[in-house]
Structures are given as structure tokens and as C-alpha cells.
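All remarks here apply to the structure that follows.
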Amino acid sequence: MKELKVTEFINKLASNEPTPGGGAAAGVTAGLGIGAILMAMIFSQSDKLSEEDQTFLAEKIEEFEKSKEIFINIIDRDATEFEPLSKAYGMPRSTDVEKQVRNEAIQSGLVIASQPPVDLISEVSQIVEGFDKVIPLIKKIIISDVGVGLQMLRSAVQASSLNLYINGGQLKDKEKQEEYYDLANKKVAELSSQLDEYYAQVKDILIK
53 MKELKVTEFI NKLASNEPTP GGGAAAGVTA GLGIGAILMA MIFSQSDKLS EEDQTFLAEK
113 IEEFEKSKEI FINIIDRDAT EFEPLSKAYG MPRSTDVEKQ VRNEAIQSGL VIASQPPVDL
173 ISEVSQIVEG FDKVIPLIKK IIISDVGVGL QMLRSAVQAS SLNLYINGGQ LKDKEKQEEY
233 YDLANKKVAE LSSQLDEYYA QVKDILIK
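Each residue of the sequence shown is one higher than the last, beginning at 53 in the numbering used here.
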């Protein structure tokens with residue numbers, strides 16, 4: 053999926069094919085978001101910054117490059133890690149034994165399919181940590197791209213929460229279900245609030 057052209061990906065998403073789905077779209081959105089932020093950071097590198105700020109910015113760029121790769125991989129992982137669940141839904145259920153085997157496969161598949169959105173939320177959590185120190189180092193002429201990136205990351209975590217709701221709702225393991233619901237509710241709300249705060253800082257810089 054990640055090797056498709058943008059138009060091909062959109063057209064496949066807008067079709068009756070099972071993949072890509074919303075999880076892959078969330079991965080693309082997060083990837084574009086951190087990409088826009090990285091662009092602004094790279095263009096803002098300058099020897100006019102203090103040595104400390106230059107080092108900090110370079111380290112953050114390296115860190116966010118790794119985040120970008122994680123998001124790109126999630127695009128494919130959404131499909132490959134949904135496959136066990138898809139196969140489980142199609143398993144026979146004529147006898148009690150078949151039903152039990154199928155149900156166990158579904159429960160296992162739900163956990164596997166939930167890992168990409170869990171990882172996406174976790175990675176965005178790492179990105180927002182200390183992001184307030186990045187914003188002042190960005191050139192005003194390009195800081196709007198940081199705002200674009202922040203909003204895309206926000207959309208990606210919100211989208212990922214929906215996958216956790218739908219998968220968690222089918223889990224019989226109540227502890228795991230609570231873990232997913234906690235991420236989808238509390239963590240995503242916390243991240244959205246942080247991203248909104250950083251977005252507001254970007255807007256304040258633009259209107260000054």
C-alpha cells in the first residue's frame with residue numbers, strides 16, 4: 053500500500069476493496085503530518101541559531117524521521133495485521149468445536165489488528181513531548197506547515213481511536229478492552245488537547 057501513488061491510494065480507498073481502510077488512511081495522515089513538520093524544521097536549520105538550539109533541532113529532526121518511517125509502515129501493517137481477523141471471520145462454525153476455534157481466532161485477531169492504531173497513538177505521544185521547544189525555532193515564513201502537520205497528527209489519533217473502539221467492543225478480555233478504551237478515550241483526548249495547544253501557538257505567531 054505504501055508504494056502506491058497518492059491518486060491510486062485514494063481511488064483504492066474509495067472502492068469496494070477491503071484494503072486500504074481507515075487504519076491505513078490514518079497512517080498516511082500521520083505520515084503527511086510529521087512530513088510537513090519535518091519540512092519546516094529542516095528549512096529552519098540555520099547557523100543563526102545558538103549552538104544548543106542547532107543541536108536540539110538536529111536531534112529532533114532525526115527523531116521525527118524515525119516517527120515518519122513508523123507511520124509509513126503502519127500503512128501496510130493495517131492491511132497485513134487485519135488479515136488474521138479477516139480469515140477468522142470466515143472460519144466454519146457448523147459445530148461447537150468449530151465455533152470455539154473460530155471465536156478464539158477472532159479474539160486473537162482483534163488484538164493483532166489493534167496494534168497499528170496503538171502504535172500510532174504511542175508514536176504521536178512521543179512527538180508531542182517537548183514540542184513546545186521546537187515551535188520557537190521555526191522560521192515564521194514556514195511555520196504554517198507546522199500547524200498543518202499538527203492538525204493532521206490530531207486527525208490521525210482521533211481516527212485510530214475509532215479502530216480501538218470497534219475492536220475493543222468485541223473483546224471478551226475485559227482488561228485488554230479497558231486498555232483500548234482508556235487509550236481511545238483518555239490518551240487521545242490528552243493528545244488532542246496538547247496538539248490544539250501547539251496549534252494555537254502557531255496561530256499566535258502567524259498573526260503577530
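Backbone N, C-alpha and C define an ideal beta-carbon position, used for all residues, glycine too.
- Message: In the DSSP assignment, the alpha helix (DSSP H) including Lys-226 goes from what residue to what residue?
- Response: For the purposes of this step, residue 226 is identified with residue 174 of the sequence shown, where counting begins at 1. Here the alpha helix (DSSP H) through Lys-226 covers 226-234.
- Message: Residues in the same chain with beta-carbon distance under 7 Å from Glu-227, minus the five sequence neighbours each way, listed in chain order, please.
- Response: Position 175 of the sequence shown, counted from the first residue, corresponds to residue 227. Same-chain partners within the cutoff: there are none.
- Quick one: grab the DSSP three-state call for Ala-66. As a working note, residue 66 is residue 14 in the sequence shown. Shown here, Ala-66 sits in coil according to DSSP, grouped into three states, outside any helix or strand.
- Message: Let's test the definition: count the other Cβ atoms within 10 Å of the Cβ of Asn-68 and tell me whether it reaches 16, buried, or not, exposed.
- Response: Here residue 68 is taken as the residue at index 16 of the sequence shown, counted from 1. Classification of Asn-68: exposed, given that the 10 Å Cβ count is below 16.
- Message: Please tell me whether Ala-208 and Ala-78 are closer than 8 Å, where the distance is taken between their beta carbons.
- Response: Here the question's residue 208 lines up with position 156 in the sequence shown. Here the question's residue 78 lines up with position 26 in the sequence shown. Yes, the pair counts as a contact, with Cβ atoms nearer than the cut-off.
- Message: Tell me which residue opens and which closes the alpha helix (DSSP H) that Phe-134 is part of.
- Response: For this step, residue 134 is matched to residue 82 along the sequence shown. No alpha helix (DSSP H) contains Phe-134, which DSSP labels as neither H nor E.
- May I have the straight-line CA-CA distance separating Ala-131 from Ala-76, to the nearest angstrom? On the sequence shown, position 79 is the one that residue 131 refers to. On the sequence shown, position 24 is the one that residue 76 refers to. One C-alpha to the other measures close to 7 Å.
- Query: Between the beta-carbon of Ile-173 and the beta-carbon of Lys-239, is there less than 8 Å?
  - Reply: Locating residue 173 in the sequence shown gives position 121, counting from the first residue. Locating residue 239 in the sequence shown gives position 187, counting from the first residue. Yes, they are a contact pair.
- Message: I'd like the span of the alpha helix (DSSP H) that includes Lys-239, first residue to last.
- Response: What you label residue 239 is simply residue 187 of the sequence shown in a count that begins at 1. If you look at Lys-239, you'll find it isn't in any alpha helix (DSSP H); DSSP assigns it neither H nor E.
- Message: Between which two residues does the alpha helix (DSSP H) holding Ile-210 run?
- Response: By 1-based counting over the sequence shown, the position of residue 210 is 158. Going by the sequence as given, residue 210 is Gln instead of Ile. Here the alpha helix (DSSP H) through Gln-210 covers 196-220.
- Query: If you drop the 5 nearest sequence neighbours on each side, which residues of the same chain put their C-beta closer than 6 Å to that of Ile-190?
  - Reply: Counting from one through the sequence shown, the residue named residue 190 turns up at place 138. Cβ within range, chain order: Ala-92, Ser-96, Val-198.
- Item | Backbone secondary structure at Gln-253 - three-state DSSP | The sequence position of residue 253 within the sequence shown is 201, counting from 1. If DSSP states are grouped into helix, strand and coil, Gln-253 belongs with the helices.
- Could you check what DSSP says for Val-180 in three-state terms: helix, strand or coil? Against the sequence shown, residue 180 aligns to sequence position 128. In the three-state scheme derived from DSSP, where H, G and I count as helix and E and B as strand, Val-180 is classed as helix.
- Three-state class that DSSP yields for Gly-142 in the structure shown: Here residue 142 refers to the residue found at position 90 of the sequence shown. Three-state DSSP puts Gly-142 in coil, outside helix and strand.
- Simplified DSSP state of Gln-97, which is helix, strand or coil: To locate residue 97, count along the sequence shown from 1; it is residue 45. The answer is coil: DSSP assigns Gln-97 none of H, G, I, E or B.
- Task: Alpha carbon to alpha carbon, how far is Arg-154 from Phe-116? Give it in angstroms, no decimals.
- Result: If you number the sequence shown from 1, residue 116 lands on position 64. If you number the sequence shown from 1, residue 154 lands on position 102. If I take the Cα positions, the gap works out to 40 Å.
- Query: CB Ala-241 to CB Tyr-217, shorter than 8 Å?
  - Reply: Position 189 of the sequence shown, counted from the start, is the residue given in the question as residue 241. Position 165 of the sequence shown, counted from the start, is the residue given in the question as residue 217. It is not a contact, given that the beta carbons lie outside the stated cut-off.
- Message: So the candidates are Lys-185, Glu-230, Arg-206, Leu-205; which of them puts its Cα closest to the Cα of Glu-104?
- Response: Position 52 of the sequence shown holds residue 104. The shortest Cα separation from Glu-104 among Lys-185, Glu-230, Arg-206, Leu-205 belongs to Lys-185.
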